[in-house]
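Peer 1: Sharing a structure with you now.
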Amino acid sequence: MVAQHTARTAVRTDDCVAADESLVRAFDLLGKRWTGVLLATLREGQVGFRALARAVPGISDSVLSDRLGELTRAGLITRTVAEGPPVSVTYTLTRAGRELLPALEQIGRWAERHLTSHGVRNSAAPESALRQARRR
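All residue numbers for the sequence shown refer to this note's numbering, where the first residue is 6 and numbers rise by one.
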């Protein structure tokens with residue numbers, strides 16, 4: 006056991022607070038790429054699949070479909086099918102999904118203050134780098 010001494014107190018480096026189970030559950034879902042972005046994109050109301058795909062550059066149709074399914078099963082969005090022709094499918098935030106919006110807005114403000122100035126890549130960068138690498 007290594008101890009770290011500060012002016013105020015001695016801290017044992019092998020001591021750690023256990024992970025909060027509710028945060029583990031939340032980040033198991035929300036920590037997946039695009040999940041928070043999709044929730045925030047739905048904040049204005051009912052949106053169709055194609056509109057979501059256009060609003061979130063870089064997301065593939067298969068990942069979008071997977072995330073929408075996960076969010077529906079988690080009770081954060083509802084999926085509505087309108088009989089056609091043509092048949093249309095739209096997605097809307099549930100009350101639980103809307104309750105996440107203030108936290109997502111705070112995370113966005115935090116990212117504006119802290120991530121852009123530290124050289125952290127934006128979400129589109131990996132796809133752009135991959136496309137450039139394939140051209141070479």
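Don't be surprised by glycine CBs; every beta carbon is placed ideally from N, CA and C. Note that the coordinates shown come from a computational prediction; the quantities given were computed from them, not determined experimentally.
Between R30, L28, V61, which has its C-alpha nearest L44's C-alpha?
Peer 2: Taking the sequence shown and counting its residues from 1, one reaches residue 44 at position 39. Comparing Cα positions, the closest option is V61.
Peer 1: Does the Cβ-Cβ distance between T99 and I112 come in under 8 Å?
Peer 2: Sequence index remark: in the sequence shown, residue 99 carries index 94 (1-based). Sequence index remark: in the sequence shown, residue 112 carries index 107 (1-based). Going by C-beta atoms, T99 is not nearer than 8 Å to I112.
Peer 1: With DSSP run on the structure shown, which of helix, strand or coil describes L81?
Peer 2: Position 76 of the sequence shown holds residue 81. If DSSP states are grouped into helix, strand and coil, L81 belongs with coil.
Peer 1: Between the C-alpha atoms of L120 and T85, what's the straight-line distance to the nearest angstrom?
Peer 2: The residue labelled residue 120 in the question sits at position 115 within the sequence shown. The residue labelled residue 85 in the question sits at position 80 within the sequence shown. If you take the alpha carbons of L120 and T85, they lie about 36 Å apart.
Peer 1: On the DSSP bridge list, what partners appear for L98?
Peer 2: Within the sequence shown, numbered from 1, the residue matching residue 98 stands at position 93. I82.
Peer 1: Can you give the beta carbon distance from I64 to A58, rounded, assuming they're within the 8 Å contact cut?
Peer 2: Numbered from its first residue, the sequence shown carries residue 64 at position 59. Numbered from its first residue, the sequence shown carries residue 58 at position 53. Indeed, because the Cβ distance is near 7 Å, the residues count as touching under 8 Å.
Peer 1: What's the C-alpha gap between D33 and T97?
Peer 2: Along the sequence shown, one-based indexing puts residue 33 at 28. Along the sequence shown, one-based indexing puts residue 97 at 92. Each residue's Cα considered, the two are about 21 Å apart.
Peer 1: With three or more C-beta pairs closer than 8 Å as the rule, is the segment 67–76 touching the segment 104–111?
Peer 2: The segment 104–111 is not in contact with the segment 67–76.
Peer 1: Is A24 helix, strand or coil when you go by DSSP?
Peer 2: Within the sequence shown, the letter at position 19 stands for residue 24. The answer is coil: DSSP assigns A24 none of H, G, I, E or B.
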